[in-house]
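Notes to accompany the following structure.
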Ligand code: AMP
Ligand code: FE
Ligand code: FE
Ligand code: ZN
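Residue numbers (the numbering used here): 178 to 463.
In structure tokens:
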């Protein structure tokens, strides 16, 4: 039973439409897939009208989102939320403020790039954002590729768009503690995404992660492509010591950006625990 609890669609910065993601999930023989677009629930909500009440249906969709957070010191942190009530106004407001502020933020990044002589416009980025409601750096990366400035999304991040780059600009974001509380108040389950992925920029110490557990964090994403063996071992040990869920997931954004559904997976008993704790909405099958 393959369970992948972290994936993106083109409603945020993934490349597949929600329908295409479902096709890929079937090809990968997943039993359970969480759709966790950045700061929006529209990707999985759009699939709800295909909810299949036929008991032969095989794919369980887990409603979720990945909340973009920032610590007081300016560090970027991603918090996965599962099974929260999408109608909860406080959580919906956090996501909506974040989505809105990503637009002026994108304009500022573009101004900085233009100041360094890189020819790129806001309209270029819009043209590469397709049906996204959450505007992100990957859309800008795609626009830079189309302009011939770089050859790939990864090269765009390595050269210009990474978190410690002089072209980096933040956007409105709740603190990780605020996101944990908002997810919990909405009946959901919170899991720290790729918490020790040092290749993306600054990361928490293990002590700081432990303090999130005291604020109500439910779990840690342990098996993630950006975690080496020692990061995985440290996170697994902390999860065991604190009674946190330890998950694994692909953080899939598309095949052409080098990821594969189910490249990392979550154990069935861990998924059962998350399902049991999430009270804000129901999974559905299609
Ligand atoms: P944003 O939400 O605009 O701050 O962009 C964050 C997104 O960019 C992440 O969700 C990833 O999809 C992608 N990303 C972040 N860091 C990297 C990196 N070093 N290389 C490639 N993609 C990255
Ligand atoms: Fe992303
Ligand atoms: Fe993330
Ligand atoms: Zn993600």
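Heads up, the beta-carbon is just placed ideally off N, CA and C, and yes, glycines get one too.
Since the model is a prediction, treat every value here as computed from it, not as a measurement.
Beta carbon of residue i nearer than 8 Å to that of residue j
i	j	result
residue 217	residue 276	yes
residue 316	residue 308	no
residue 357	residue 283	no
residue 359	residue 260	no
residue 436	residue 427	yes
residue 422	residue 393	no
residue 434	residue 330	yes
residue 195	residue 352	no
residue 211	residue 241	yes
DSSP three-state assignment for residue i, whether helix, strand or coil
i	result
residue 255	strand
residue 266	helix
residue 429	strand
residue 205	coil
residue 275	helix
residue 238	strand
Beta bridge counterpart(s) of residue i as assigned by DSSP
i	result
residue 156	One cannot answer for residue 156 here, as it falls past the ends of the chain, which runs 178 to 463.
residue 181	210
residue 424	398
Any non-hydrogen atom of ligand 5 closer than 7 Å to residue i Cβ
i	result
residue 339	Absence of ligand 5 from the depicted structure is noted, with ligand 1, ligand 2, ligand 3 and ligand 4 being the only ligands included.
Whose CB is closer than 7 Å to a heavy atom of ligand 3? List the residues in chain order.
Result (chain order): 243, 255, 370, 371, 428.
Taking the runs of the alpha helix (DSSP H) that are 4 residues or longer, which of them lie wholly in the region 392-422?
Runs found: 406-419.
Closer than 7 Å: residues whose CB approaches a heavy atom of ligand 2
My final list is 185, 189, 190, 215, 313, 315, 430.
Which ranges would you report for the alpha helix (DSSP H) in the region 326-388 if only whole runs of at least 4 residues count?
With a minimum length of 4 residues, the continuous alpha helix (DSSP H) runs that stay inside the region 326-388 are 330-333, 353-362.
Whole runs of the alpha helix (DSSP H) within the region 430-462, excluding any shorter than 4 residues
Taking only runs of at least 4 residues, the alpha helix (DSSP H) segments lying wholly in the region 430-462 are 445-454.
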